[in-house]
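One structure is given here, and the rest of the page talks about it.
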Amino acid sequence: MCSDMDQRSLVLIVDDDRLMRRIAAAALEPGRFRVVEAGDGREALGLAAMRPPDVVLLDALMPTMDGYECCRRLRQMPGLEQIPILMVTGVEDDESVDRAFEVGATDHITKPVKPRSLRNRVNTLIRALEVERKIRRAKREWEATFDAVGDLILLTDDLGQVVRCNRSAIERFGKGYPELIGQPLQQLLWGDQPVDLPPTPNEPVDTEFPLLTGWFRHSVFDLPSDLDGVRRVHVLRDITQQKQAEEGLRTSQVRYRRLFEEAPVMYLQLRDEFEDPIVEQVNQAFLTTLGYRKEEVLGRPLASFYDAESQQALVDGWKKSRESTVTVERKLVRSDGELIDVVLKTQPERDLNGDVVSVRAMFTDITELNQLQSKIVASQKLADLGTLAAGVAHEMNSPLQVITGMSQSLLKALDKGTLTPEKLHTNLETINRNAWRCAEIARALRTYAHSSGGTLEPLDLNVVIRDALLLTEHQLRSWSNIEIETDLFDLLPPTLCDRNQIAQVLINLLTNARDAMPDGGRITIRTHLNEDGGVSLVVADTGVGIPQTALAKIFNPFFTTKAVGKGTGLGLSIIKGIVQAHGGRIWLESTEGVGTTFFMAFPPYIADSTIPVPAEDPVGRFEEGRQTLA
Ligand code: ADP
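Be aware that the sequence shown starts at 193, since it is given in the working numbering, and climbs by one per residue.
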């Protein structure tokens with residue numbers, strides 16, 4: 193309230209007797225009251241409408257509109273329902289007094305009015321009015337607060353019946369306020385169902401009620417006993433969303449767990465312990481495939497499931513796994529000691545801060561795939577040997593014919609006595625040359641046939657290449673218009689390799705090159721020494737080249753552009769496997785219409801090593817496109 197506003201109470205004195213009005217006005221303390229006067233009921237109503245008074249002194253008997261009628265009308269005016277109206281009656285008879293109260297007077301006083309008692313009476317009424325106003329304001333504030341709260345609040349009495357409730361309760365119960373009041377709260381919440389555990393004061397219970405939708409946190413507070421009738425406050429806080437969020441989280445955790453548990457691939461969840469991966473979680477597929485029980489796996493280091501080679505690789509691999517997604521090939525040891533080949537894909541799991549908390553490891557069993565691949569390699573080799581045999585037979589045939597022919601003619605000349613030392617010399621020379629040729633072919637064939645798959649020996653790559661070419665020479669010569677050029681570096685150091693497999697790589701590459709040159713062309717086979725001491729084999733053709741779109745797929749198994757029955761699409765994928773098994777790398781350069789060059793780099797041979805060091809992760813990306821030799 194502004195300070196300059198008159199804070200004195202406004203008293204409306206209504207009397208047709210001017211003198212009486214003056215006396216009454218003089219009786220009031222000027223410091224507390226301001227006075228307005230009206231000569232009759234009508235004038236009083238007009239003044240009250242303009243400026244609502246705080247107290248009315250009203251003469252009962254006046255002409256035109258008497259005090260009773262005026263009082264009745266004043267009471268009907270907004271804001272005046274509660275103000276004190278003091279009726280001044282002429283006589284102290286029961287009828288006048290009753291009438292005064294009937295029309296809404298607060299009190300009455302009988303004439304003649306003594307100034308002192310009038311002042312006391314008005315003072316008392318005003319005090320009561322002020323107190324009441326304060327209470328009303330407090331009540332309004334309290335009610336507004338009560339209704340503004342989103343929680344459902346219900347006050348109950350000794351019998352547990354609702355005495356009062358807030359707007360949220362009215363809205364949620366969907367009933368009118370009068371319908372709720374007097375209802376037993378138990379009936380409202382649980383209906384006829386028995387209550388298992390009614391909440392006790394100060395111990396909230398999270399619960400669902402049969403008659404309300406949603407979840408609630410139900411709290412109960414006892415009230416002081418002097419609040420007549422009201423004993424307890426029930427607060428129902430809607431926690432449905434919180435419950436749903438919790439439930440959602442739980443369901444997704446369960447779903448994730450089940451996915452992990454029941455996935456057909458082997459999963460481990462690994463945590464880091466002093467730089468070692470330790471198994472934190474394991475799924476059923478892992479246990480079944482490897483034949484372990486769960487308790488044998490949990491808490492154990494990952495290394496204990498690896499063969500020696502994989503264990504060595506793990507040292508560096510684990511560091512990488514905690515930084516990014518890694519894919520590698522490993523060997524796992526089953527509980528019966530048998531090894532299985534797996535592709536391992538790891539993925540770090542981070543918390544909200546981005547810190548790695550664990551690493552998820554997924555293992556795919558590729559044992560069968562590997563067996564299949566070696567079977568394919570073997571069958572391809574057999575097929576090649578078949579064609580080789582035909583070629584070799586032909587190859588051997590001509591020198592043998594020369595040898596037999598020459599020997600027969602020598603014998604004849606000897607019989608006839610026409611053999612001259614010169615003829616003997618030249619013929620023997622020819623026989624000798626052709627016999628060596630046969631021996632050479634036989635040796636190459638023997639080394640090719642004898643070396644069993646998978647045997648790595650330090651060999652001169654040039655010799656391996658020459659042998660392979662020797663055995664296929666016949667076949668190659670039948671390729672019309674194709675010229676084969678070799679440029680082999682003479683001083684190559686040995687390369688740790690499998691003669692059979694390298695020959696197969698070469699034959700496959702030559703066959704592809706031939707197919708790329710239907711109208712003829714040139715194939716160049718080159719070897720050279722790399723900077724790191726390793727050896728490179730390069731096979732280049734002047735064929736149609738490979739379109740950019742096919743480059744990425746070229747090493748994929750079963751990728752072929754050849755007609756059905758002509759190509760299997762396995763050649764390059766097998767070549768890639770072989771080169772990698774030798775610790776080498778393969779890549780290519782190709783220009784459409786110009787030709788294709790395949791490069792293979794093998795690691796340097798170190799005298800006492802038997803296993804070539806892989807140049808890169810064996811299952812990782814393959815190098816494609818155009819790159820220069822490392
Ligand atoms: P296949 O020869 O059975 O089709 P490969 O894996 O050996 O299987 O080769 C896959 C594909 O790569 C071939 O179908 C061909 O399209 C392409 N390709 C391979 N080598 C060459 C080459 N030297 N020139 C052009 N294309 C080639």
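Cβ coordinates follow ideal geometry from the N, Cα and C atoms, glycine included.
Is the separation between the beta-carbon of residue i and that of residue j shorter than 9 angstroms?
i, j, result
"Leu482", "Ala553", "no"
"Leu651", "Leu698", "no"
"Asn692", "Leu764", "no"
"His426", "Leu347", "yes"
"Thr783", "Ala705", "no"
"Arg424", "Leu344", "no"
"Leu702", "Ile738", "no"
"Ala216", "Cys263", "no"
"Arg526", "Val548", "no"
"Leu536", "Thr559", "no"
"Thr647", "Asp690", "yes"
"Met279", "Leu237", "no"
How big is the Cα-Cα spacing for residue i and residue j?
i, j, result
"Phe747", "Glu665", "27 angstroms"
"Gly769", "Gln696", "12 angstroms"
"Arg210", "Glu235", "14 angstroms"
"Gln593", "Tyr797", "43 angstroms"
"Ser672", "Gly712", "7 angstroms"
"Ile674", "Ala732", "13 angstroms"
"Gly282", "Thr302", "6 angstroms"
"Asp707", "Glu501", "40 angstroms"
"Thr612", "Ile717", "46 angstroms"
"Ala585", "Asp468", "60 angstroms"
"Leu239", "Thr432", "57 angstroms"
"Thr443", "Phe791", "54 angstroms"
"Trp382", "Leu404", "9 angstroms"
"Val489", "Val474", "7 angstroms"
"Glu530", "Ile715", "45 angstroms"
"Gln504", "Asp533", "16 angstroms"
"Lys523", "Gly509", "14 angstroms"
"Arg200", "Arg226", "6 angstroms"
"Leu479", "Arg485", "6 angstroms"
"Met257", "Gly233", "5 angstroms"
"Asp208", "Arg325", "31 angstroms"
"Asn722", "Thr538", "34 angstroms"
"Ser496", "His774", "27 angstroms"
"Phe408", "Gly421", "26 angstroms"
"Val771", "Ile694", "8 angstroms"
"Asp543", "Arg447", "19 angstroms"
"Glu400", "Gly368", "22 angstroms"
"Pro270", "Ala219", "29 angstroms"
Since residue i sits in a beta bridge, which residues does DSSP pair it with?
i, result
"Cys357", "Leu346"
"Thr556", "Val535"
"Phe791", "Val730, Trp779"
"Ala230", "Val206"
"Ile301", "Val280"
Tell me whether residue i sits in a helix, a strand or coil according to DSSP, three-state version.
i, result
"Thr432", "helix"
"Ser643", "The predicted model places Ser643 with a pLDDT of 47, which falls under 50 and marks its position as unreliable, so this point remains unresolved."
"Lys523", "strand"
"Asp285", "coil"
"Asp418", "coil"
"Arg200", "coil"
"Gln461", "strand"
"Glu515", "coil"
"Phe293", "helix"
"Phe163", "For the chain, the structure presents residues 193 to 822; residue 163 sits outside this window and is missing."
"Leu211", "helix"
"Leu490", "coil"
Any heavy atom of the ligand ADP within a distance shorter than 8 angstroms of the CB on residue i?
i, result
"Ile746", "yes"
"Ala455", "no"
"Asp707", "yes"
"Asn700", "yes"
"Leu544", "no"
"Val736", "yes"
"Gly776", "no"
"Asn475", "no"
"Gly769", "no"
"Gly763", "yes"
"Phe791", "no"
"Thr753", "yes"
"Ala742", "yes"
Counting only beta-carbon separations shorter than 9 angstroms, does residue i have a partner in chain B?
i, result
"Arg449", "Chain labels in this structure do not include chain B; a single protein chain is all it has."
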